[in-house]
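Chemist:
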Amino acid sequence: MYSILLCAALGAVIALISVVAFKLVWWWALLIALVISTVAFVVASRIIMKKVMAALELAAKDLQGQRFEKAIRGMKDVLRFAPWQIYLSEQVNSQLGMAYYVKRDFSNAFPHLEKAFFKNWVAMSMLAICYLKRQKRDKMEKTFEKTVQWNGKESLLWNLYAYCLAEECGDRSKAKEVLERGLKKLPGDPHITDNLENLATGGKIKMRSFGDPWYQFHLESVGQLQKHQMAAMGGRMKKRMVVRG
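Below is the structure:
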């Protein structure tokens with residue numbers, strides 16, 4: 001953290017000068033040094049973050065325009081500021097990992113997701129799924145546990161964790177425990193209550209009601225998604241025929 005170190009060094013120099021050159025008492029010197037170093041840190045942080053946010057906004061626009069490679073280059077360029085700002089590396093790596101994951105480039109997504117910010121529950125969930133796909137259930141569970149600890153109000157997160165346990169690992173009992181914990185954090189949540197009922201009646205955990213946020217995790221195959229879309233389309237056509245008839 002260069003900005004903290006440099007501001008701390010600046011404060012130490014100011015304190016030393018205040019005592020030696022201006023003969024101030026030590027506590028006055030420390031107070032002056034603290035104020036000046038704090039102001040310097042705030043100003044430096046704002047300058048750096050202004051540049052970072054501008055670059056990330058451009059990357060976000062490129063992602064929206066499906067220009068993945070350009071967006072990724074832009075985000076990687078932001079990493080040069082990482083030594084200057086706390087948690088910046090983790091936050092940028094979260095975005096990079098998510099970008100690679102969404103385009104199904106899992107091999108490149110994984111190393112970035114490993115460095116993801118622990119409060120970014122989407123990136124951390126993608127990391128957990130990467131561990132799942134690598135047959136490392138213990139690491140998957142540890143990652144999910146850390147994620148729900150910091151993001152306990154996310155309904156999709158609890159249901160996603162339970163889905164991985166029940167549908168991917170075959171552990172319906174553990175999935176039920178996870179959903180029950182989630183219900184304590186989100187009393188009355190319809191997604192959690194519905195899936196608890198599904199587990200109780202021997203059914204599968206259903207995730208499609210979450211829409212696109214669910215599909216970004218790529219746990220449902222393209223074939224299953226197309227089948228679902230065709231079924232929905234068929235239902236709409238049948239409804240139109242009934243209405244017309």
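If you're matching positions, the sequence shown starts at 1 in our numbering and goes up one per residue. Positions of the beta carbon are idealized from the N, C-alpha and C atoms, including for glycine.
Tell me whether the beta-carbon of H218 lies closer than 8 Å to the beta-carbon of R46.
Modeler: Cβ distance not < 8 Å, so H218 and R46 don't count as in contact.
Chemist: Thinking just about the alpha-carbon of each residue, which of G211, E145, R208, S37 is nearest to the one in L179?
Modeler: Checked all of G211, E145, R208, S37; the closest Cα to L179 is E145.
Chemist: Use the C-beta contact count for D138: other C-beta atoms within 10 angstroms, 16 or more gives buried, fewer gives exposed.
Modeler: The residue in question, D138, is exposed, as its Cβ has fewer than 16 Cβ neighbours within 10 Å.
Chemist: Are the beta-carbon atoms belonging to L160 and K176 less than 8 Å from one another?
Modeler: Not in contact: L160 and K176 (Cβ atoms no closer than 8 Å).
Chemist: How many whole angstroms separate the CB atoms of Y100 and H112, which I take to be in contact at a CB cut-off of 8 Å?
Modeler: Confirmed, about 7 Å.
Chemist: Can you have a look at L165 and say buried or exposed, based on whether 16 or more other CB atoms are within 10 angstroms of its CB?
Modeler: By the 10 Å Cβ count, L165 comes out buried.
Chemist: Among the candidates E114, N93, A200, S155, whose CA atom is the shortest distance from the CA of L183?
Modeler: Closest by alpha carbon: S155.
Chemist: Take the Cβ of Y163 as the centre, count every other Cβ of all protein chains shown within 10 Å, and call the residue buried at 16 or more, exposed below.
Modeler: Buried is the call here.
Chemist: Quick one: give me the first and last residue of the alpha helix (DSSP H) that H218 is part of.
Modeler: Taken as a continuous stretch (DSSP letters only), H218 belongs to no alpha helix (DSSP H), as it is neither H nor E.
Chemist: Between P261 and L24, what straight-line distance do the alpha-carbon atoms span, to the nearest angstrom?
Modeler: The chain is shown from 1 up to 245; residue 261 falls before or after that span and cannot be answered.
Chemist: In three-state DSSP terms, what is K206?
Modeler: Residue state, collapsed to three classes: coil.
Chemist: Can you find a heavy atom of the ligand MG that lies under 7 Å from the Cβ of R172?
Modeler: Ligands in the displayed structure: none, and consequently the ligand MG is not present.
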